[in-house]
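There are 2 protein chains.
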Amino acid sequence: VNKQKGLEALAYIHSLTKPMNSLGEIEKMAVQLSEITSNIKPEVFPPGVIVFAADHGVTEEGVSAYPQEVTAQMVKNFLSGGAAINVFTKRVNGLLEIVDAGVKTDIPGVRSEKIAYGTKNFTVEPAMTRMEAVRSVEMGMQRADAMIKNGAKLLILGEMGIGNTTSSSAIAAALSGIKPEELTGRGTGIESKQVAYKAEVIQKALNKLKPDANDPIDVLAKVGGFEIGAMAGAMLYAASKKIPVVLDGFICTTAALVASKLNRHVCDYMIAGHLSVEPGHLHVLNLLGKKPLVSLGMRLGEGTGAVLVYPLVEAAAEMVKGMATFDAAGVSKERTIK
Amino acid sequence: VNKQKGLEALAYIHSLTKPMNSLGEIEKMAVQLSEITSNIKPEVFPPGVIVFAADHGVTEEGVSAYPQEVTAQMVKNFLSGGAAINVFTKRVNGLLEIVDAGVKTDIPGVRSEKIAYGTKNFTVEPAMTRMEAVRSVEMGMQRADAMIKNGAKLLILGEMGIGNTTSSSAIAAALSGIKPEELTGRGTGIESKQVAYKAEVIQKALNKLKPDANDPIDVLAKVGGFEIGAMAGAMLYAASKKIPVVLDGFICTTAALVASKLNRHVCDYMIAGHLSVEPGHLHVLNLLGKKPLVSLGMRLGEGTGAVLVYPLVEAAAEMVKGMATFDAAGVSKERTIK
Chain A
26 VNKQKGLEAL
36 AYIHSLTKPM
46 NSLGEIEKMA
56 VQLSEITSNI
66 KPEVFPPGVI
76 VFAADHGVTE
86 EGVSAYPQEV
96 TAQMVKNFLS
106 GGAAINVFTK
116 RVNGLLEIVD
126 AGVKTDIPGV
136 RSEKIAYGTK
146 NFTVEPAMTR
156 MEAVRSVEMG
166 MQRADAMIKN
176 GAKLLILGEM
186 GIGNTTSSSA
196 IAAALSGIKP
206 EELTGRGTGI
216 ESKQVAYKAE
226 VIQKALNKLK
236 PDANDPIDVL
246 AKVGGFEIGA
256 MAGAMLYAAS
266 KKIPVVLDGF
276 ICTTAALVAS
286 KLNRHVCDYM
296 IAGHLSVEPG
306 HLHVLNLLGK
316 KPLVSLGMRL
326 GEGTGAVLVY
336 PLVEAAAEMV
346 KGMATFDAAG
356 VSKERTIK
Chain B
26 VNKQKGLEAL
36 AYIHSLTKPM
46 NSLGEIEKMA
56 VQLSEITSNI
66 KPEVFPPGVI
76 VFAADHGVTE
86 EGVSAYPQEV
96 TAQMVKNFLS
106 GGAAINVFTK
116 RVNGLLEIVD
126 AGVKTDIPGV
136 RSEKIAYGTK
146 NFTVEPAMTR
156 MEAVRSVEMG
166 MQRADAMIKN
176 GAKLLILGEM
186 GIGNTTSSSA
196 IAAALSGIKP
206 EELTGRGTGI
216 ESKQVAYKAE
226 VIQKALNKLK
236 PDANDPIDVL
246 AKVGGFEIGA
256 MAGAMLYAAS
266 KKIPVVLDGF
276 ICTTAALVAS
286 KLNRHVCDYM
296 IAGHLSVEPG
306 HLHVLNLLGK
316 KPLVSLGMRL
326 GEGTGAVLVY
336 PLVEAAAEMV
346 KGMATFDAAG
356 VSKERTIK
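Taken in sequence, the protein lines are chains A and B.
Under this note's numbering, think of the first position of the first sequence as 26, with each following residue one higher.
Under this note's numbering, think of the first position of the second sequence as 26, with each following residue one higher.
Structure follows, in structure tokens:
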């Protein structure tokens, strides 16, 4: 990122008609956006939201509160505009694409980029081949490319996949060495005894498959998901095009961790949107060195948390573009007091 | 407020295609909006922002980082669209009115509802007469009435007045019995030794004028400001019309405390937008029993914090109006797991 542009942006922000630093995190975000885009007056509108959906073989182990068919049902709901991500994206006038990255059934009308019909059950065998893992990342890059060519000035990556908090906890544990029980939560809503069982399932899989912490593609292949690889790829591509990415919850942030292991500079292009109630989320944000903007008790996924905080990011950009300077407005500056 | 409508709203929200409670604070806010508006599908757009500006005699004591003339200069900046509140209100397509509640000079083009040409220096004498205090509250009610008649479905009250954190700390101390040093902060940006001096100024004024904690109008008259009375009046009026109010920072929330002392039910109509860095803000929010949605290190005023979180409030309303139910979307519900 362009640190020099960030310094120039900071000086300019201090010339705007408000007490210095009085917009707190909004000002810091404006500086980061300038660093990312190499522009003192960054453009972040319209945001582009890509929701990748895929199924997870590990659902066979009974780790989710919802049956596997809900993945496909929710994709249909996305296509007909009835899900939370539809409602929230519409409100911010964002672009939205739903991508089938590997749902178990075929869904008419969806953008199909299926890597396979769901991953394998990773308690038994690797979730996918190494080649499938690479292809999921590449496919995410391609969808990001298309979304950026379509005009998006900021990316939000969402996901749908029954079982994907289990996969995310496994990935985060494999990459960080943190124990699965610290990274495992209620997901869509299982009870606390099920959470302990879910952590056991993950630990057993890690013991059996031994993913290599220094090889993010190996981790993705052994315990990952197609939508997680795709999100990581989209993030890498966005960074290469100086496009900021707003992170959503635990699954999206785990994809960011995978991306950061492939290229550590990618973190500089990310804004942590919110802190979810999924306990692994804070761990993964810490691993990335990211502080979330808000904490609203959310755990929905789909990209919803990121889209909900997007107006704050937009406000940071608008502040720089729209506000008058002290000189232009004829407002007296701060004085030194006796 | 209509608790029954809140229960109906909650049941409906639980039928929408998302894991139960997975939108956290957004869902709670949707329930509150239903209680306030007596409508399961509440309307909060467009928001109406009223910024009341007034001067404070206590600036003679050197309690602010900015000279008094900045109040009038910033009003001109509001009128020409260059301030933060202009930029942020425009982005949410809000209505905006700037009201001169008692600036020391006359300002061409502003809506003038001057109670007087600034308050008196309350370290010497009461800031205003009791009649002026009452008139400031009534004037706020009238402006809220006009804004609501103009179509606003939600109110945000902002302020501009060099010296008004000093007045707010004095009001909060007088109404709560909390010591001024705990309620006093850097305002627009004074140094820490000036903060101690500012708290002393307030303590001396309270000792001298002895405002009656059981008489909010007496407190407002002795150590208040015209913009603070006006904000309190606007909040009371909004509540009477079932219009939700999003609170901004310390000064606005102190006005809410005054309003709550005049009618304790008014709190039910308020949503705490953000937690500012001004130390008195958390105290006053606690006195009101309110938990802020976000904490972004802001301390600008003008209503900016409330306008920045407005999209979250809007999202709560849109969630209810726009999302499909499980039944309508054909999505399987949560199951009981083995």
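All C-beta atoms in this analysis are idealised placements derived from N, C-alpha and C, irrespective of residue type, glycine included.
- Under the Cβ distance rule, A:ALA331 does not count among the residues neighbouring chain B, no pair being separated by less than 8 Å.
- DSSP places A:ALA238 outside both helix and strand once states are collapsed to three, so it counts as coil.
- For the beta strand (DSSP E) assignment, the uninterrupted runs of no fewer than 3 residues enclosed by the stretch 177-236 of chain B are, from N- to C-terminal side, 179-185.
- With 16 or more other CB atoms across the displayed protein chains lying within 10 angstroms of its CB, A:GLU138 is buried.
- With the criterion set as a beta carbon lying under 7 Å from some beta carbon of chain A, the members of the stretch 38-54 of chain B are THR42, LYS43, PRO44, MET45, SER47, LEU48, GLY49, GLU50, ILE51, in sequence order.
- Only those residues of the stretch 90-111 of chain B whose C-beta falls short of 9 Å from the nearest C-beta of chain A are listed: ALA90, TYR91, PRO92, GLU94, VAL95, GLN98, MET99, LYS101, ASN102, SER105, GLY106, GLY107, ALA108, ALA109, ASN111.
- At least 8 Å separates the beta-carbon of A:VAL76 from that of A:PHE113.
- At a cut-off of 8 Å between C-beta atoms, A:THR213 counts as an interface residue with respect to chain B.
- At the C-beta level, B:LEU282 and B:ALA297 stay beyond 8 Å of one another.
- By the Cβ neighbour-count rule, A:ASP273 is buried, with 16 or more other Cβ atoms within 10 Å of its own.
- Straight through space, the alpha carbons of B:ALA78 and B:GLU207 are spaced by roughly 26 Å.
- For B:ALA78, the enclosing beta strand (DSSP E) has its first and last residue at 72-79.
- Using a CB distance cut-off of 8 Å, A:VAL356 counts as an interface residue toward chain B.
- Closer than 8 Å to the CB of A:MET185 there is not a single CB belonging to chain B.
- In terms of Cα proximity to B:GLU303, the closest of B:LEU180, B:CYS292, B:MET172, B:VAL220 is B:VAL220.
- In the DSSP secondary-structure assignment, A:GLU122 is bridged to A:ILE75.
- Residues of chain A with a Cβ closer than 7 Å to the Cβ of B:PRO336 are, in chain order, PRO336.
- Taking all protein chains shown into account, A:GLU339 has 16 or more neighbouring C-beta atoms within 10 Å of its C-beta and is therefore buried.
- Contact annotation: A:GLY254 and A:PHE275 have beta-carbon atoms that are not nearer than 8 Å.
- Interface annotation, A:GLU339: in contact with chain B, CB-CB separation under 8 Å.
- By the Cβ rule, the stretch 172-182 of chain B does not count as touching the stretch 150-163 of chain B, because fewer than three pairs are nearer than 8 Å.
- If you check the CB distance, A:THR279 and A:ALA197 come in under 8 Å.
- Only residues of its own chain outside the window of five on either side were considered, and among them LEU58, SER59, ALA342 have a CB closer than 6 Å to the CB of A:PRO67, listed in chain order.
- A:LEU231 and A:ALA55 have their alpha carbons spaced roughly 41 Å apart.
- For the 8 Å CB-CB criterion, A:GLU252 and A:GLU327 do not form a contact.
- The DSSP-derived three-state label of A:VAL95 is helix.
- If you check the CB distance, A:LEU182 and A:ALA259 come in under 8 Å.
- The CB of A:MET344 comes closer than 9 Å to the CB of ALA109, VAL112, PHE113 in chain B, given here in chain order.
- Excluding five sequence positions before and after B:ILE132, the CB atoms of its chain that fall closer than 7 Å to its own CB belong to ALA97, VAL100, LYS101, ASP125, given in chain order.
- The alpha carbon of A:LYS315 has as its nearest neighbour, out of A:MET295, A:ARG324, A:VAL334, A:ALA331, the alpha carbon of A:MET295.
- Here A:SER301 is buried, its C-beta having at least 16 other C-beta atoms within 10 Å.
- Residue-level contact check: A:MET348 touches chain B, since one or more beta carbons of chain B fall below 8 Å from its beta carbon.
- The C-alpha of A:GLY212 is placed about 38 Å away from the C-alpha of B:HIS290.
- Of all residues in the stretch 278-304 of chain A, those with a C-beta nearer than 8 Å to a C-beta of chain B are VAL302, reading in chain order.
- A Cβ of chain A is located within less than 8 Å of the beta carbon of B:GLY322.
- For A:VAL319, the closest Cβ of chain B is nearer than 8 Å.
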